[in-house]
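Engineer:
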Amino acid sequence: MFSNIPSQYYVIGSTIMAIVMGSFVMVLRMRASKKPTNEKKIIIPPIAMSSGAVMFLFEQFRVSPMEILEASAVGILFSTILIATSKFEVKGQDIYLKRSKAFAFILIGLLIFRIIAKMILSSSIDVGELAGMFWILAFAMLVPWRIAMLIQFKRIKKTIPLKD
Numbered sequence: 003m004f005s006n007i008p009s010q011y012y013v014i015g016s017t018i019m020a021i022v023m024g025s026f027v028m029v030l031r032m033r034a035s036k037k038p039t040n041e042k043k044i045i046i047p048p049i050a051m052s053s054g055a056v057m058f059l060f061e062q063f064r065v066s067p068m069e070i071l072e073a074s075a076v077g078i079l080f081s082t083i084l085i086a087t088s089k090f091e092v093k094g095q096d097i098y099l100k101r102s103k104a105f106a107f108i109l110i111g112l113l114i115f116r117i118i119a120k121m122i123l124s125s126s127i128d129v130g131e132l133a134g135m136f137w138i139l140a141f142a143m144l145v146p147w148r149i150a151m152l153i154q155f156k157r158i159k160k161t162i163p164l165k166d
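Note that this note's numbering gives residue 118 to position 116 of the sequence shown, counting from 1, and the numbers run on in steps of one.
Here it is as structure tokens:
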């Protein structure tokens, strides 16, 4: 169906989508800092994103074991930056994700990295495989970050005295 579309159009289209999604995430994160958080809000993003693994049922998105390792390693490395900048604060009985000035710059930096890497790698790696690798990278970044957030959240939650 889409086999007659040149691969550079896939690269351009996916780059535009990455910019749109990155902007969406920044807006969501800014809004989230205005409302109290809970375990569900921390856990849902990786669960929701896991549905993207369905792409690997299709041959064009499958990646080699080495590509899985490379993408996972980069994702885990990037997760350390997100973990370091995600902090919570207690206001009354509620726990809020503290707004980090660095978060927007980090997200923009990661987006720029992704775009540059995609432009460079798309000449040597098939666009479908590249999509699979970037999904693995994003998932490998999201999961450790959210686990760290959940651990930090639960630790803070234990320190809040219960209401009478």
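Just so you know, even glycine gets a beta-carbon here, dropped at the ideal spot from N, CA and C.
1) Is it the case that the Cβ atoms of residue 139 and residue 76 are separated by a distance below 8 Å?
2) Taking all protein chains shown into account, decide if residue 56 is buried (16 or more other Cβ within 10 angstroms of its Cβ) or exposed.
3) From the DSSP output, in three-state form, read off residue 65 for me.
4) Could you please give the first and the last residue of the uninterrupted alpha helix (DSSP H) stretch that includes residue 155?
5) Please state the DSSP three-state secondary structure of residue 93.
6) Check each candidate in 26, 61, 12, 162 and name the one with the smallest Cα separation from residue 96.
7) For residue 107 versus residue 98, is the C-beta distance shorter than 8 Å?
8) Hey, residue 85 and residue 17: beta-carbon distance below 8 Å or not?
9) Taking the alpha helix (DSSP H) that residue 119 falls in, what are its first and last residues?
10) What are the boundary residues of the alpha helix (DSSP H) that residue 52 is part of?
11) Does residue 99 come out as helix, strand or coil in the three-state DSSP assignment?
12) Where does residue 22 land, buried or exposed, given buried means 16+ other C-beta within 10 angstroms?
13) From 68, 40, 53, 122, pick the residue whose C-alpha is nearest to that of residue 151; which is it?
14) In this structure, does DSSP put residue 164 in helix, strand or coil?
15) Thinking C-beta only, is residue 66 closer than 8 Å to residue 142?
Structural biologist: Considering the structure as presented:
1) Yes, the pair counts as a contact, with Cβ atoms nearer than the cut-off.
2) It is exposed - the Cβ of residue 56 has fewer than 16 other Cβ atoms within 10 Å.
3) Note: residue 65 maps to coil in three-state DSSP.
4) Counting along the chain, residue 155 sits inside the alpha helix (DSSP H) bounded by residues 129-161.
5) Annotated three-state conformation of residue 93 is strand, per DSSP.
6) A check of alpha carbon separations from residue 96 across 26, 61, 12, 162 identifies 162 as the nearest.
7) It is not a contact, given that the beta carbons lie outside the stated cut-off.
8) No. Outside cutoff.
9) Looking at the DSSP string, the run of the alpha helix (DSSP H) that includes residue 119 is 103-123.
10) That run of the alpha helix (DSSP H) goes 41-52.
11) Strand.
12) Answer is exposed; the Cβ neighbour count stays below 16.
13) Minimum Cα distance to residue 151 is reached at 40.
14) Reduced to three states, the DSSP call for residue 164 is coil.
15) In this structure, residue 66 does not lie closer than 8 Å to residue 142 by Cβ.
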